[in-house]
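Following: one structure in C-alpha cells, then a few remarks.
4 protein chains.
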Amino acid sequence: MDASANQVRKHEARLRVRYAETDQMGVVYHANYLVWMEIGRVEYVRSLGVNYKDLENEGFYLSVVGTHCRYLYPARYDQEVVVETWLLNTNPRVVEFGYEIRLAESGKLLADASSKHLWLSRDWRPIRLPAEYQRILYAGTNQNVSIEI
Amino acid sequence: MDASANQVRKHEARLRVRYAETDQMGVVYHANYLVWMEIGRVEYVRSLGVNYKDLENEGFYLSVVGTHCRYLYPARYDQEVVVETWLLNTNPRVVEFGYEIRLAESGKLLADASSKHLWLSRDWRPIRLPAEYQRILYAGTNQNVSIEI
Amino acid sequence: MDASANQVRKHEARLRVRYAETDQMGVVYHANYLVWMEIGRVEYVRSLGVNYKDLENEGFYLSVVGTHCRYLYPARYDQEVVVETWLLNTNPRVVEFGYEIRLAESGKLLADASSKHLWLSRDWRPIRLPAEYQRILYAGTNQNVSIEI
Amino acid sequence: MDASANQVRKHEARLRVRYAETDQMGVVYHANYLVWMEIGRVEYVRSLGVNYKDLENEGFYLSVVGTHCRYLYPARYDQEVVVETWLLNTNPRVVEFGYEIRLAESGKLLADASSKHLWLSRDWRPIRLPAEYQRILYAGTNQNVSIEI
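Chains C, F, S and U supply the protein sequences, listed in that same order. In terms of this note's numbering, the first sequence opens at residue 11 and continues consecutively. In terms of this note's numbering, the second sequence opens at residue 11 and continues consecutively. In terms of this note's numbering, the third sequence opens at residue 11 and continues consecutively. In terms of this note's numbering, the fourth sequence opens at residue 11 and continues consecutively.
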C-alpha cells in the first residue's frame, strides 16, 4: 500500500483581513475565524467540482452541529490569510472538517480548528448524503470511507 | 386643528455596544449603524402592536431599497445607545424611516439616518400593504396618510 | 461544609435575535453564538460589579485562546435568547467560561459552549490578574480558587 | 485638451458572497454593502501603490462621516461581485468615493453608493492630508484637484 493512498486531500483558500473584521484590540475578532472556516470548507468542496450552493438547491444542507477553535496568534488588518481545510471524519450523515489558518506571507499558524456537520433535508430532517455525492466529496479522506446507501 | 394631530410618533430602542461591533480605530464600525437602524424600525413596529416577524409570515417583506447615514460622533464599546425611529414617508408600496442615534447617558447625537423600503411579496414582487396594516403601521406619520387599496 | 459553598455562580444575559444574525437557512448563523458568549461573560463580570471596559482601561485584556460550541437547536429571528454563563476554571493567568444558550420562552437548550482566555497586558504579554481582581472575578467558581500573586 | 485627461480613474475589486453575509430573505443583508464599499476603496488606494494600513501607521485615518446606498437588485450566496470605486470629490481634509456594485457574471447593477470621509490624526483631530499623498491618492479625479498645503 503506497503512501499516497493514505494522503489526506487538503485545500487552501486565501482571503485578506477586512477592516470590519478587526476589533478594538487591533486584531481580528475571534468569531470571524468561524466565517473563514466556512469559506475554507466551501472552497474545499468547490475544488472537488461541487458548488455547495448546488447541494442546497438539490436539498442537501450542511448544518453546523459543533465548532472548535484554538487561537494561537492574532491576525491583523490587511494581512493575507490562508485557510487550509481537510476532511477529518465522514459518514453518510455526518462530516467533520479540520482547519489550519496561517499567515500567507510567513506561514505562521494563527489557529487550528474543526467543525462538525449534519446533512439535513430542506425540511430540516437528518438525511444520508447520496452515494454519488459521498464518492465525490469524501474522496479526500485517509479513512476507509464506507459509502452506505 | 390641534398640535398633537401633527405630532410625529417616535419610538426609542435601546442597546449596548458589543465588542464585536468595534474596529481597530477603537470605535463602532460604521456598517453596524445600519444593523441598529433595523432594530430601531422593528421596535417601532412592535410598539404599534405588530411583530415584523408576523408580517413576513403573512407574506409582507420590508425590503431595503436605500440607506443614508451621517456619522457625527463615534460610539464606543459598552456604551448604551438609543435609536429613535419615526416614519418619514409612507404610501401603500413604500415606507421611509428616519433615525437619530444617541448616547443614552448624555443624549449626545452620534448619527442621523434614513432608510427607504419597498413592500415585497414572498415571491419578491412589489405589493401594496393591505389597508388594515396601513392603518396600524402608518398611524404615526404627520402626513395626511392616504390609505389606498 | 454546606452545599451553597459549592454552588457555582451563574448569570443570565438576555438578548433578542437580530435580522442581521440570520442566514439564508432561516436561522441564526453559527458564528454569532460566539458573539453572544462574549455578551454572556461581559454581563457575568458586570454582575460582580466590574466593567470589562474598565479592566481594559487598567491594562487587563481578556484575550480569547479557545472556543468550543455544540449547536443543538437553531435560534430564529426575533426570538428572545438567554445566555447563562459561569466560571469553569480559573487561575491567575487563565479563565475558562461555560455557557448554555436557551430560548427565553420555552427554556429549550440551543447550544452549550465554553471559551478559554488568557489575561494579557496592553503590550500583549501574558500577565497575572492582580489578587484583588481575582477575589472579585473568581468568587463564583466551585473550585478551591488558589489566588496567587 | 484630450478626453483622457478628464477620465475618472476607476478600480474594480472582486469578492464572492459569503454565507455569513446572507439573511433569512435568502439574499445579502444590506449592511454588508458598506463592508464591500470599504473593500472597494482600500483596493482603489492599493491600485495607486498605497496601503491604507501604512497610512494609518503614519497617522492618517480615513474616518467615515457619511454613507449613502441605493439597493437595486439583491446579491445572493456564492455570487461573484465587482465593486467599482472612484473618487467623487477631494480636498485636503475630505474625500468622497463613488461605487457601483455589480454581478461579475452578467454585469447587472446591484447597488450604487457613495461614502464621505474626513482625514483624522491618531488623536482624532481633523487634519490635512500631506501634499505628497494628495498627489498620489487624488490623481484619479476629473476635478481640478487643488492641492493645498
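Glycine residues also receive a C-beta, built at the ideal position from the N, C-alpha and C atoms. Keep in mind that this is a model prediction, so the values were computed, not measured.
Please confirm if residue i has its CB atom under 8 angstroms from at least one CB of chain C.
i: Ala85(F); result: no
i: Ile146(U); result: no
i: Tyr81(S); result: yes
Indicate whether at least one CB of chain U lies closer than 8 angstroms to the CB of residue i.
i: Tyr71(F); result: yes
i: His21(F); result: no
i: Asp133(C); result: no
If contacts are defined as beta-carbon pairs under 8 angstroms, then residue i and residue j qualify, I think. What distance do you get, rounded to the angstrom?
i: Leu147(S); j: Val55(S); result: 6 angstroms
i: Ala85(C); j: Val38(C); result: 4 angstroms
i: Arg112(U); j: Gly76(F); result: That pair is no contact at about 18 angstroms.
Can you give me the Cβ contacts of residue i inside the same chain, cut-off strictly under 8 angstroms, excluding the 5 residues immediately before and after it?
i: Tyr143(U); result: Val60, Leu65 and Phe70
i: Glu106(U); result: Leu97, Leu98, Asn99, Thr100, Ser124, Ser125, Lys126 and His127
i: Glu115(C); result: Gln89 and Glu90
i: Arg132(S); result: Gly69 and Tyr71
i: His78(C); result: Ala123, Ser124 and Ser125
i: Leu25(U); result: Trp46, Ile49, Glu90, Val91 and Val93
Once the 5 residues before and after residue i are set aside, which same chain residues still bring their CB inside 6 angstroms of it?
i: Ala23(C); result: Ile49, Gly50, Glu53 and Val93
i: Gly150(F); result: Arg19 and Leu97
i: Asn42(S); result: Glu31
i: Asp33(U); result: Tyr39
i: Ala13(U); result: Confidence at Ala13(U) is low in this model, with a pLDDT of 42, below 50, so the placement of that residue should be treated as unreliable; the coordinate-derived value is given next. Once the five neighbours on either side are set aside, Ala13(U) has no close Cβ partner at all.
i: Tyr62(U); result: Val52 and Val55
i: Gly36(C); result: none
i: Gly108(F); result: Trp96, Leu98 and Ser124
i: Leu47(U); result: Reading the sequence as shown, one finds Met at residue 47(U) and not Leu. Excluding sequence neighbours, Met47(U) sits near Tyr109, Ala123 and Ser125.
Going by beta carbon distance, what residues of the same chain come within less than 7 angstroms of residue i, once the five residues before and after it are set aside?
i: Arg103(S); result: Leu128, Trp129, Pro136 and Arg138
i: Ser57(S); result: His21
i: Leu82(U); result: Leu119, Leu120 and Ala121
i: Tyr29(F); result: Tyr87
i: Glu110(U); result: Glu94, Leu119 and Asp122
i: Val27(F); result: Val38, Ala85, Arg86, Tyr87, Asp88, Gln89 and Val91
i: Ser73(C); result: His127, Leu128 and Leu130
Check the Cβ-Cβ distances between residue i and every residue of chain S, and say whether any is below 8 angstroms.
i: Ala15(C); result: At Ala15(C) the pLDDT is 49, less than 50, meaning the model places this residue with poor confidence; the figure from the coordinates comes in the next sentence. Not one chain S Cβ lies under 8 angstroms of Ala15(C).
i: Val74(C); result: yes
i: Asp122(F); result: no
i: Leu25(U); result: no
Got a sec: is the Cβ-Cβ distance from residue i to anything in chain F below 8 angstroms?
i: Lys63(S); result: yes
i: Thr151(U); result: no
Between residue i and chain D, is any beta-carbon pair separated by less than 8 angstroms?
i: Tyr39(F); result: Absent from the structure: chain D. Protein chains present are C, F, S and U.
Just by C-beta distance, which residues in the stretch 90 to 114 of chain S are closer than 7 angstroms to chain F? none
Members of the stretch 28 to 56 of chain S near chain F, C-beta cut-off 8 angstroms: Arg28, Tyr29, Ala30, Val45, Glu48, Ile49 and Val52
Entirely enclosed alpha helix (DSSP H) segments - the stretch 45 to 71 of chain F, minimum 4 residues: Listed in chain order, the alpha helix (DSSP H) runs fully inside the stretch 45 to 71 of chain F are 62 to 67, counting runs of at least 4 residues.
Jot down the residue ranges of each uninterrupted beta strand (DSSP E) in the stretch 115 to 158 of chain F, minimum 3 residues, whole runs only, in chain order. 119 to 130
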